[in-house]
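A.B. asks: Quick mapping for you: the protein sequence lines, in order, are chains A and B.
In terms of the working numbering, the first sequence opens at residue 1 and continues consecutively.
In terms of the working numbering, the second sequence opens at residue 252 and continues consecutively.
Positions of the beta carbon are idealized from the N, C-alpha and C atoms, including for glycine.
The model shown is predicted, which means the values in this text are computed figures rather than measured ones.
A single structure is presented below for examination.
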Amino acid sequence: MTAMTAGTAAGPAAEATAVAVSLEAVGKTYGDVRALDDVTWTFARGGFTAVMGPSGSGKSTFLHCASGLDRPTSGTVRIGGVDLGRLGEAKRTRLRRERIGFVFQSFNLVPSMDVEQNIALPLLLGGAEADPARLAEVVERVGLADRLRHRPAELSGGQQQRAAIARALITRPEVVFADEPTAALDPRTARDVLRLLREAADATGQTIVLVTHDPMAASWADSVVFLSRGRIVDELASPTVSAVMSRWESL
Amino acid sequence: MNLTSTGKGAFTGVFAALLFAAALVGACGVLVESALRAHGPVERYAGAEAVVTGPREVETRLDRLGEAPAGASLPVPERARAPLSAAARLRAVPGVRDVVADVSFPVVLPDGRALTGHGWESAALGAVEPQDGRAPRAADEVVLGRDAGADVGATVRLQIGAAPRPYRVVGLAPSGTGAAYFAPAAAAALYGHPGKADALAVLADGDLDADALRAAVPGLDVATGDARGDAEDPSVAAARLDLFDLGMAIGSVAIMTALVIVGGLVALSVRERTRELALLRAVGATPGRVRADLLRETARAAVPAALIGGVLSLGLGAALLAAMKGRGVLPEEVGTALGPLPVLAAFAVTVPAAVLTALLASLRATRIHPVEALGTAAAEPAGLPRRRLAAGVFFLFVGLNALGFSFTATGAAAATSVGGLVLALIVAMAFLAPLLARAGARSLGGAVERLSPVAGRLARHASGAAALRAGAVMTPVALAVAFSATQLSAPATVAHATHRQAAEGARADRVLVADGPGLPRDVAAAARRAPGVTAVTPVKRTTVLMPVRELGEETFRPLGARAVGGDVAATIDPGVSDGSLRDLRGTTVALSEDVAGGLGVGSTAELWLGDGTRVEPRVVAVYERGHGFGDVLLPRDLVAGHTTTPLDDHVLVRTEDGADLRGVTAAHTGVRAIDPAAFGARLSQEVRLQGFVSLIVVAAIGGFVVIGLVTTLALATAARRREFALLRLVGATRRQVLRALRLEALIVLGTGVLVGTLIAAVTLFAFALGVVDRPLPTVPPAVAVVLLGVAGSGAAAVMLPARAMLRRRASPTVP
């Protein structure tokens, strides 16, 4: 165990493990509020997991802690075997940049940059030039080849979210965390976005963690994890919309 | 209810900028009010009901280009004397008890202390009684102040217009008056202006009708009340004119600076709240409502800021006056007028200015579409509004026009046009700033990107994309740099030219100077008799008033003049381009090229001597070195009797080897012989004194700009929390964001500094060419200090809030 966690962010030991993300007794407290209560969970490599729960169940905190955006109050988070708690802020940022992709409800594109600049931004920050072939491939996948020179404000919501997904995929991350990516989109556009995430899991073996409260979105995942009051209360494999709905009702 | 709510930062920024603006405008108001209303203190004439002097103003008519001639007037720079014959007519006015003819002349004690000599009858004016002894009666008797250090019965050697002579102290007056009283007849003789007096002091028993006095002595000046102080010291009236100009000049720059800075701040705060305002519009607020709220909000910051700043301005103005008096730029006697008017002026200028800029900014707010609230923050439009572009080009044209003018003009006209040139270019730059910001992002950004590929590219992108914001920051930077560089370099250029011209034109190898009020006239004569001396020129500095023709327009100006005697051509070389200084005798004049205008050798000039006497001298020479030798050279005999004191300022001596001037210096009190280098240093010290005013102006405006810059930058940076968080989310490390920000500050501040330097360079080039006939201005090191100070405080204002926002341990969530 120690041998694995001692490896660097991109160390070969990390590649070997079958677990993409693991949480071990992770707790997060905001003042008196216990947002996460000793959550232990592992996300298998190449899996597509949806995390569901009512508002205030700790979904966002779960995602922030699992992705290394935030530090848990207690417990251990490992990504590809690397213990995030042992990394400084800069190293954590670098690990996120190289091995994790993010997709948000509010797209979070840089408004002053055009689509291509936005997609290539993680590469730029890593000091690498965008490989034209890789860029073309990602752009092709999200279907924005004819929108590369547009600024985010000139795009529809669905197009913006597809650009955000392209940005998340450009670095070939091991894990993509998606935080309510379809909440602001109409059902058809939402379906396009979810299909892109599904493809990422199926075609390139990337691990997808999707936080949502939409049963339709959750039904695209391999399994659904239910959060309530900061704890994981249930898991549903091979979810269908109706199965998720009925489980949801009982929360 | 107010729907909009400014962030604390914007409110504080607008408040601070307006506070400073109000304080500065009010302080200039204090200068102007003091210039207009303050009189010298009434001390010696306190016992007089009215004081009659010669006319204290000179009026003339000036030719105007394509217009009817217009009247112009200037205060008489030196003492305007009154004829004694008027005393009898004044005595005939009912109510007049007596008329005292007051005379003043410089007296030097053996220890070098300077006193002012008067007739004993003048003592009655200040109600001085000899506390010991009696009044002086014989020609060699004197009453001194107790602090002169002589006892009754002692003999003191007093230097009065000639080598020291013994006087017997017959009485002691109270300390602190700085006066020496002589018997009336002796005083009149020492005074040296037969039939005249400095002033006729009118003593009365009851109320006097000032108009009756004026009717009795037509053409003379009758001062009553506080105005008597001006008659006591004519230098105050002349200084008040300078003070008025100075107050108006700083005030107008302060107002413009306030408009630029507050305008930038308000526009920025509106811009950063576009989303919030759009949200208000979306939920149903009308454009008018949003605009009214914005205006009210600005007014809420402006009104208290203007009031507090206005009140503070009284202290600031008084401090400015005190500083200028302390450095000898203004005579001590200039009073300080503190009234409510500067506070009102500060209020009346800053509040409408703030509301006006808020109104302009709010026009933008009303163009916000409600739908903008629903999307993410939109990037700013790429183009510049046509009106803004047109305004910028207009002012650029005005500036270039002024540039063309200052190339053709010379002297003071060029100096004045230079001020307008800077202002026009700065205003043009304020309008065109976003374009310049983009150009800067392209050129400087390229360099920065090569320096640091990752952060550099982010910095370049940010500075170019947010050109409006970058422009709002660049403008005050360029303003501070251009303004302080020109303000500091222009006087330094003149000082340098003065020094250089004086050194180049110096033909004397010894200079006799006085530590006290001046050199008695017999010093020059004594030097002429000293062995080994081949040429002697006594020089007396004075001020003359002359209409100067520049580009067809005439302006009535006080000019620095030197009255020279003896062998002028052998001791000074002012660079005569036409005529000869040998002819400078009788009613003649030599003029520098800067003021000669159309007057050539042989023509007749019209000018007024220091006491307001009009003369029409024939021009005998035109010379180049106006800075080193003054704009006007006059024969000493023509000026004699028309200045406040008869003393010479210095005596230029040319010697053979081995000349001995010790006899001359030993025979007089406070007279020293120095070499031309030491004399040159003395001269430039005097010129440098004038630079002190520039320093005050730069400190005030520069400080203001820095405050505005820091608040603008801090506000702009704080408003970028979302942008920084976004970059952090996408995977930028804290260090990368800070580095990008540093480089962006380098690009933006660097562009501002470059533009400001360019404006200053163009302006100073024109100034140097027009004023000192050399294309190279002198740039004092203080300019570099200002440059570094502006850039440093700007960088700090960017980095400190950014560091605080990107706290090391904070999680990067987008708000």
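So, helix, strand or coil for residue 477/B, using DSSP?
C.D. replies: Helix.
A.B. asks: Between the alpha carbons of residue 20/A and residue 122/A, how many angstroms are there, rounded?
C.D. replies: Taking the straight line joining both Cα atoms gives about 21 Å.
A.B. asks: With a floor of 4 residues, list each alpha helix (DSSP H) that falls wholly inside the segment 853 to 883 of chain B, ordered by position along the chain.
C.D. replies: Whole alpha helix (DSSP H) segments, 4+ residues: 877 to 880.
A.B. asks: Taking only beta-carbon positions, decide if residue 628/B is within less than 9 Å of chain A.
C.D. replies: Caution applies to residue 628/B, whose pLDDT of 46 falls short of 50 and renders its modelled position unreliable; the value that the coordinates give is listed next. Cβ-Cβ to chain A under 9 Å: yes for residue 628/B.
A.B. asks: Using a beta-carbon distance below 9 Å, is residue 97/A in contact with chain B?
C.D. replies: At least one chain B Cβ lies under 9 Å of residue 97/A.
A.B. asks: Could you work out which residues of chain B lie near residue 127/A, taking near to mean beta carbons separated by less than 9 Å?
C.D. replies: Residues of chain B passing the Cβ test: 704, 705.
A.B. asks: Skipping 5 residues on each side, what residues in its chain have a beta carbon closer than 8 Å to that of residue 626/B?
C.D. replies: Low confidence applies here, because residue 626/B scores a pLDDT of 49, under 50, leaving its location unreliable; read the following figure in that light. Contacts found: none.
A.B. asks: Which residues, in order along the segment 978 to 1011 of chain B, keep a beta-carbon less than 8 Å from a beta-carbon of chain C?
C.D. replies: In the structure shown, chain C does not exist; the protein chains are A and B.
A.B. asks: Could you tell me the distance, in whole angstroms, from the CA atom of residue 749/B to the CA atom of residue 490/B?
C.D. replies: Rounded to the nearest angstrom, the two C-alpha atoms are 22 Å apart.
A.B. asks: Drop a sphere of 10 angstroms on the beta-carbon of residue 487/B, count the other beta-carbons inside from all chains shown, and report buried for 16 or more, exposed for fewer.
C.D. replies: With 16 or more other Cβ atoms within 10 Å, it is buried.
A.B. asks: Roughly how many angstroms lie between the CA atoms of residue 1008/B and residue 655/B, to the nearest whole one?
C.D. replies: Straight-line Cα distance between these residues: approximately 19 Å.
A.B. asks: Taking the alpha-carbon positions, what's the residue 147/A to residue 1004/B distance?
C.D. replies: Rounded to whole angstroms, residue 147/A to residue 1004/B spans 38 Å at the Cα level.
A.B. asks: Alpha carbon to alpha carbon, how far is residue 142/A from residue 543/B? Give it in angstroms, no decimals.
C.D. replies: Roughly 46 Å separates the two Cα atoms.
A.B. asks: Express the C-alpha separation of residue 1018/B and residue 312/B in angstroms, rounding to a whole number.
C.D. replies: The straight-line gap from Cα to Cα measures roughly 29 Å.
A.B. asks: Using CA atoms only, rank isn't needed, just tell me which of 714/B, 1039/B, 1056/B is closest to residue 957/B.
C.D. replies: For the residues 714/B, 1039/B, 1056/B, the minimum Cα distance to residue 957/B belongs to 1039/B.
A.B. asks: Taking C-beta pairs closer than 7 Å, name the residues in chain A that residue 717/B reaches, listed in chain order.
C.D. replies: Within 7 Å Cβ-Cβ: 112.
A.B. asks: From which residue to which residue does the beta strand (DSSP E) around residue 805/B run?
C.D. replies: Note, residue 805/B: beta strand (DSSP E), 804 to 815.
A.B. asks: Per DSSP, which one or two residues make a beta bridge with residue 334/B?
C.D. replies: Per DSSP, 447/B.
A.B. asks: Cα separation between residue 838/B and residue 1000/B?
C.D. replies: Roughly 59 Å separates the two Cα atoms.
A.B. asks: Let me check understanding here. Comparing Cα to Cα, which of 281/B, 512/B, 746/B, 419/B lies closest to residue 590/B?
C.D. replies: Of the listed residues, the one whose Cα sits closest to residue 590/B is 281/B.
A.B. asks: Go ahead and pull the three-state DSSP assignment for residue 245/A.
C.D. replies: DSSP places residue 245/A in helix when its eight states are reduced to three.
A.B. asks: Taking 9 Å as the cut-off, decide whether the C-beta atoms of residue 1021/B and residue 880/B are in contact.
C.D. replies: Their beta carbons are not under 9 Å apart, which means residue 1021/B does not touch residue 880/B by this criterion.
A.B. asks: Could you tell me which whole beta strand (DSSP E) segments of length 3 or greater appear in the segment 163 to 189 of chain A?
C.D. replies: Those beta strand (DSSP E) runs which fall completely within the segment 163 to 189 of chain A and span 3+ residues are 175 to 179.
A.B. asks: Have a look at residue 58/A and residue 217/A and give me their C-alpha separation to the nearest angstrom.
C.D. replies: The straight-line gap from Cα to Cα measures roughly 18 Å.
A.B. asks: Can you confirm whether the segment 917 to 935 of chain B touches the segment 830 to 849 of chain B when touching is taken to mean that 3 or more C-beta pairs between the two stretches lie within less than 8 Å?
C.D. replies: Result no; under three Cβ-Cβ pairs closer than 8 Å.
A.B. asks: Secondary structure at residue 252/A, three-state DSSP: helix, strand or coil?
C.D. replies: Because residue 252/A is not part of the residues shown, which for chain A are 1 to 251, the question remains open.
A.B. asks: Does the segment 358 to 376 of chain B come into contact with the segment 437 to 444 of chain B, if we say contact requires no fewer than three beta-carbon pairs (one atom in each stretch) closer than 8 Å?
C.D. replies: The segment 358 to 376 of chain B vs the segment 437 to 444 of chain B: in contact.
A.B. asks: Could you please give the first and the last residue of the uninterrupted alpha helix (DSSP H) stretch that includes residue 842/B?
C.D. replies: No alpha helix (DSSP H) contains residue 842/B, which is instead part of the beta strand (DSSP E) from 839 to 843.
A.B. asks: Taking only beta-carbon atoms, is residue 708/B less than 9 Å away from chain A?
C.D. replies: Residue 708/B counts as touching chain A.
A.B. asks: By DSSP's criteria, residue 738/B is part of a beta bridge. Which residues make up the other side?
C.D. replies: Bridge partners of residue 738/B: none, in fact.
A.B. asks: Mapping the DSSP letters down to three states, classify residue 587/B as helix, strand or coil.
C.D. replies: Reduced to three states, the DSSP call for residue 587/B is coil.
A.B. asks: In the structure shown, what three-state DSSP assignment does residue 308/B receive?
C.D. replies: Reduced to three states, the DSSP call for residue 308/B is strand.
A.B. asks: Here's the rule: buried if 16 or more other CB atoms are within 10 angstroms of the residue's CB, otherwise exposed. What is residue 648/B?
C.D. replies: Under this definition residue 648/B is an exposed residue.
A.B. asks: Grouping DSSP H, G and I as helix and E and B as strand, with all else coil, what is residue 694/B?
C.D. replies: Three-state DSSP puts residue 694/B in a helix.
A.B. asks: Residue 382/B by DSSP, collapsed to three states: which one?
C.D. replies: Coil, per DSSP.
A.B. asks: With hydrogens ignored, establish whether the beta-carbon of residue 473/B is closer than 8 Å to any heavy atom of the ligand MN.
C.D. replies: As presented, the structure is devoid of all ligands, the ligand MN included, so that no description of it is given.
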